[in-house]
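Asker: Here's a structure for you.
Protein chains: 2
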Amino acid sequence: MNLTLDRISSVPLYAQIHGEIRRQIEADQLKAGAAVPSERELAEICKVSRMTARQALNALKNEGFVYQERGIGTFVAKRKLDVHTRNLIGFTEEMRGRGLTPSTKILLARRENAAQEVAQELGIETADEVFHFQRLRLADDSPLAFEDAFLPVKHFPDLDAKNLENESLYKILETEYGVAMRRAEEILEATCASKEIARALAIKPKSALLIVHRVVFSESNLAVESVRTFYRADRYRATFVLTKNAV
Amino acid sequence: MNLTLDRISSVPLYAQIHGEIRRQIEADQLKAGAAVPSERELAEICKVSRMTARQALNALKNEGFVYQERGIGTFVAKRKLDVHTRNLIGFTEEMRGRGLTPSTKILLARRENAAQEVAQELGIETADEVFHFQRLRLADDSPLAFEDAFLPVKHFPDLDAKNLENESLYKILETEYGVAMRRAEEILEATCASKEIARALAIKPKSALLIVHRVVFSESNLAVESVRTFYRADRYRATFVLTKNAV
DNA sequence: TAGTGGTCTAGACCACTAT
DNA sequence: TAGTGGTCTAGACCACTAG
Numbered sequence: 001m002n003l004t005l006d007r008i009s010s011v012p013l014y015a016q017i018h019g020e021i022r023r024q025i026e027a028d029q030l031k032a033g034a035a036v037p038s039e040r041e042l043a044e045i046c047k048v049s050r051m052t053a054r055q056a057l058n059a060l061k062n063e064g065f066v067y068q069e070r071g072i073g074t075f076v077a078k079r080k081l082d083v084h085t086r087n088l089i090g091f092t093e094e095m096r097g098r099g100l101t102p103s104t105k106i107l108l109a110r111r112e113n114a115a116q117e118v119a120q121e122l123g124i125e126t127a128d129e130v131f132h133f134q135r136l137r138l139a140d141d142s143p144l145a146f147e148d149a150f151l152p153v154k155h156f157p158d159l160d161a162k163n164l165e166n167e168s169l170y171k172i173l174e175t176e177y178g179v180a181m182r183r184a185e186e187i188l189e190a191t192c193a194s195k196e197i198a199r200a201l202a203i204k205p206k207s208a209l210l211i212v213h214r215v216v217f218s219e220s221n222l223a224v225e226s227v228r229t230f231y232r233a234d235r236y237r238a239t240f241v242l243t244k245n246a247v
Numbered sequence: 248m249n250l251t252l253d254r255i256s257s258v259p260l261y262a263q264i265h266g267e268i269r270r271q272i273e274a275d276q277l278k279a280g281a282a283v284p285s286e287r288e289l290a291e292i293c294k295v296s297r298m299t300a301r302q303a304l305n306a307l308k309n310e311g312f313v314y315q316e317r318g319i320g321t322f323v324a325k326r327k328l329d330v331h332t333r334n335l336i337g338f339t340e341e342m343r344g345r346g347l348t349p350s351t352k353i354l355l356a357r358r359e360n361a362a363q364e365v366a367q368e369l370g371i372e373t374a375d376e377v378f379h380f381q382r383l384r385l386a387d388d389s390p391l392a393f394e395d396a397f398l399p400v401k402h403f404p405d406l407d408a409k410n411l412e413n414e415s416l417y418k419i420l421e422t423e424y425g426v427a428m429r430r431a432e433e434i435l436e437a438t439c440a441s442k443e444i445a446r447a448l449a450i451k452p453k454s455a456l457l458i459v460h461r462v463v464f465s466e467s468n469l470a471v472e473s474v475r476t477f478y479r480a481d482r483y484r485a486t487f488v489l490t491k492n493a494v
């Protein structure tokens, strides 16, 4: 295990350690079942306290990359299902992680007054304006999902003037408005495609769709986006890692 | 905030603090938006170190119950979607959490040799035996899901002799075999009901179904169960809370 | 300036596992 | 007995926010 830390960097030490080990697991340099340095070893290698090393391993454990056995050690977890750790990331990032090339076609982009349900989800008034975007999401140039998104205008003035077709929305919010995503609530359900959505996605009506309804919150707990994504069931499956006691 | 800890208990202090605050939030004694004691205050109240208080708040944050703002404080998060924190729990526990009465009808319970895919998911050989259970899951006496589950025989001898109809499977594994669940990988997808499943669930063929494919791992990283659950889309939606940097 | 959360240290004791 | 992870302490400095 070879690990050099940048102590001047603003990136916390535990995050550097976490990132390096995760990189080695993803690059298969640390193979499934292999031992990861123990907390005390890692602390010694990196010249940090045990608590800092522990924090790095804890994050890896919560992401499902390693597991720990008391009295024995820390080991790289075997993935049984093809689970891409589904963090809080946008479409663009997720598709790249799956080795696909994402692209987007904007079908609708306008300002409107918030419908009651949307206003409630975003924590705003129905008199307030929202951006309403409908986007067709493609992977390797073939339709994958239809997206219906709402964002509050007051927090993102002129968002509709940005290049939404080629830039990741979450990236724009972070770089242009300084709003970073922190948390999301998701509801997943199944349905059959309506004629309109079937046409947009180039599938037969009544084909199965996976609906992901997501409300995204910023670092300061602002509801930033309410979005429903209708995925073609034949091309998309959502993956999660669940852990007990995510402490 | 009124918090008394049992220092003799085997339950860790941070878990007691976490549990008590979570209880108050779920009972609406701590209302959305309300301030939770700061880390230092909580440490003072409970007579623990700040790191211990912090560990309790961290768990609440990862579960989406609170959010923290640097320089300001810790607050109870507003839930926008009707998200029941979907931890690593079984059907029985989940339904009770949703205020429904779960019941189960066993359709199939036998031993068989593991199919290749199942063997791979459970990390066993195809020559090894598995229990194969098919169960109809009901909520408030109405069909909700069809379940197809596989567990390795060698780790759970005589499991088929247990009372699977009335007891939670996960509870049996824990109390009878000392195997506690720690982690699961899940894949969610949408499909249309086949004739057989439609009949079992009392819905029309080709109705939408939500499939949850789950592989569950124990504390010692044993693959304990591979299960596919076919939920009626009209009666079930899966909910998640995602957080960035689950450290 | 006072208070907050974010990070980090250098220890400690415990229960557990393997040899 | 030696090593592991789980828990806990009593501090410290930092960047940030509010009044």
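Here the protein sequences come in this chain order: B and H. Heads up, the first sequence is in my numbering, so the first residue is 1 and it goes up one at a time. Heads up, the second sequence is in my numbering, so the first residue is 248 and it goes up one at a time. A virtual CB, placed ideally from N, CA and C, is assigned to each residue, including glycine.
List the whole-angstrom C-beta distance separating residue 132 of chain B from residue 110 of chain B, where the pair is believed to meet the contact cut-off of C-beta under 8 Å.
Answerer: Position 132 of the first sequence holds residue 132 of chain B. Position 110 of the first sequence holds residue 110 of chain B. So it is a contact: roughly 6 Å between Cβ atoms.
Asker: List, in chain order, every chain H residue whose beta-carbon is nearer than 7 Å to that of residue 184 of chain B.
Answerer: Within the first sequence, residue 184 of chain B is the residue found at index 184, counting from 1. The answer, in chain order, is 489.
Asker: Less than 6 Å between C-beta atoms, sequence neighbours within five positions excluded: which residues of the same chain meet that for residue 368 of chain H?
Answerer: One-based indexing of the second sequence puts residue 368 of chain H at position 121. Contacts found: 462, 473.
Asker: What alpha helix (DSSP H) runs, 4 residues minimum, are completely inside the stretch 49–136 of chain B?
Answerer: The qualifying runs are 50–62, 91–97, 116–122.
Asker: Can you find a CB in chain H that lies within less than 9 Å of the CB of residue 42 of chain B?
Answerer: Counting from 1 along the first sequence, the entry for residue 42 of chain B is found at position 42. Chain H contact via Cβ: absent.
Asker: Taking Cβ-Cβ distances shorter than 9 Å, what residues in chain H pair up with residue 170 of chain B?
Answerer: Position 170 of the first sequence, counting from 1, holds the residue named residue 170 of chain B. Under the 9 Å cutoff, chain H gives no residues; its nearest Cβ is about 10 Å from residue 170 of chain B.
Asker: With 9 Å as the threshold, decide whether the Cβ of residue 64 of chain B is near any Cβ in chain H.
Answerer: Mapped onto the first sequence, residue 64 of chain B falls at position 64. Yes, residue 64 of chain B counts as interfacial toward chain H.
Asker: Roughly how many angstroms lie between the CA atoms of residue 372 of chain H and residue 361 of chain H, to the nearest whole one?
Answerer: Taking the second sequence and counting its residues from 1, the one referred to as residue 372 of chain H is at position 125. Taking the second sequence and counting its residues from 1, the one referred to as residue 361 of chain H is at position 114. Spanning the two alpha carbons is a distance of roughly 7 Å.
Asker: Taking 8 Å as the cut-off, does the stretch 396–410 of chain H touch the stretch 483–492 of chain H (at least 3 CB pairs, one atom from each stretch)?
Answerer: As far as the Cβ criterion goes, the stretch 483–492 of chain H does not touch the stretch 396–410 of chain H, which means the pair count is below three.
Asker: Going along the chain, which unbroken runs of the alpha helix (DSSP H) with 4 or more residues stay wholly within the stretch 253–303 of chain H?
Answerer: Within the stretch 253–303 of chain H, the complete alpha helix (DSSP H) runs of at least 4 residues are 260–273, 286–293.
Asker: Just curious, the beta strand (DSSP E) that residue 231 of chain B is in, first and last residue?
Answerer: Locating residue 231 of chain B in the first sequence gives position 231, where the first residue counts as 1. Segment 223–232, the beta strand (DSSP E) holding residue 231 of chain B.
Asker: Which residues in chain H sit within 8 Å of residue 123 of chain B, going by Cβ to Cβ distance?
Answerer: Reading the first sequence from its first residue, position 123 is the one you call residue 123 of chain B. By Cβ distance, chain H contributes 325, 327.
Asker: Anything in chain B within Cβ reach of residue 441 of chain H, meaning under 8 Å, just list it in chain order.
Answerer: The sequence position of residue 441 of chain H within the second sequence is 194, counting from 1. The premise fails here: residue 441 of chain H is roughly 12 Å from chain B at the closest Cβ pair, so nothing lies under 8 Å.
Asker: Alpha carbon to alpha carbon, how far is residue 280 of chain H from residue 322 of chain H?
Answerer: Mapped onto the second sequence, residue 280 of chain H falls at position 33. Mapped onto the second sequence, residue 322 of chain H falls at position 75. Cα-Cα distance, rounded: 6 Å.
Asker: With H, G and I counted as helix, E and B as strand and the rest as coil, what does DSSP make of residue 238 of chain B?
Answerer: Here residue 238 of chain B is taken as the residue at index 238 of the first sequence, counted from 1. DSSP places residue 238 of chain B in strand when its eight states are reduced to three.
Asker: Are the Cβ atoms of residue 224 of chain B and residue 152 of chain B separated by less than 9 Å?
Answerer: Locating residue 224 of chain B in the first sequence gives position 224, counting from the first residue. Locating residue 152 of chain B in the first sequence gives position 152, counting from the first residue. Result yes, Cβ atoms of residue 224 of chain B and residue 152 of chain B sit closer than 9 Å.
Asker: Who pairs with residue 184 of chain B in a beta bridge, going by DSSP?
Answerer: Taking the first sequence and counting its residues from 1, one reaches residue 184 of chain B at position 184. Beta-bridge pairing links residue 184 of chain B to B/216, H/489.
Asker: In the DSSP assignment, the alpha helix (DSSP H) including residue 173 of chain B goes from what residue to what residue?
Answerer: Your numbering for residue 173 of chain B matches position 173 in the first sequence. Segment 169–177, the alpha helix (DSSP H) holding residue 173 of chain B.
Asker: What first and last residue would you give for the beta strand (DSSP E) that runs through residue 147 of chain B?
Answerer: Taking the first sequence and counting its residues from 1, one reaches residue 147 of chain B at position 147. Where residue 147 of chain B is concerned, the enclosing beta strand (DSSP E) stretches over 142–152.
Asker: Say whether chain B places a C-beta atom closer than 9 Å to the C-beta of residue 495 of chain H.
Answerer: There is no way to answer for residue 495 of chain H, as the model of chain H reaches only from 248 to 494.
Asker: The alpha helix (DSSP H) that contains residue 450 of chain H, what's its start and end?
Answerer: Indexing the second sequence from 1 puts residue 450 of chain H at position 203. Where residue 450 of chain H is concerned, there is no enclosing alpha helix (DSSP H), given that its DSSP letter is neither H nor E.
Asker: According to DSSP, is residue 196 of chain B helix, strand or coil?
Answerer: Residue 196 of chain B sits at position 196 when you count from the first residue of the first sequence. Helix.
Asker: Alpha carbon to alpha carbon, how far is residue 402 of chain H from residue 235 of chain B?
Answerer: In the second sequence, counting from the first residue as 1, residue 402 of chain H sits at position 155. In the first sequence, counting from the first residue as 1, residue 235 of chain B sits at position 235. Taking the straight line from one Cα to the other gives about 36 Å.
Asker: Just tell me which of H/468, H/347, H/390, H/338 has its CA closest to the CA of residue 417 of chain H.
Answerer: Here residue 417 of chain H corresponds to residue number 170 of the second sequence, with the count starting at 1. Out of H/468, H/347, H/390, H/338, H/338 has the C-alpha closest to the C-alpha of residue 417 of chain H.
Asker: Could you please tell me which residues of the stretch 221–232 of chain B, in chain order, have their CB closer than 7 Å to any CB of chain H?
Answerer: Going along the stretch 221–232 of chain B in chain order, one finds 221, 223 with a Cβ nearer than 7 Å to chain H.
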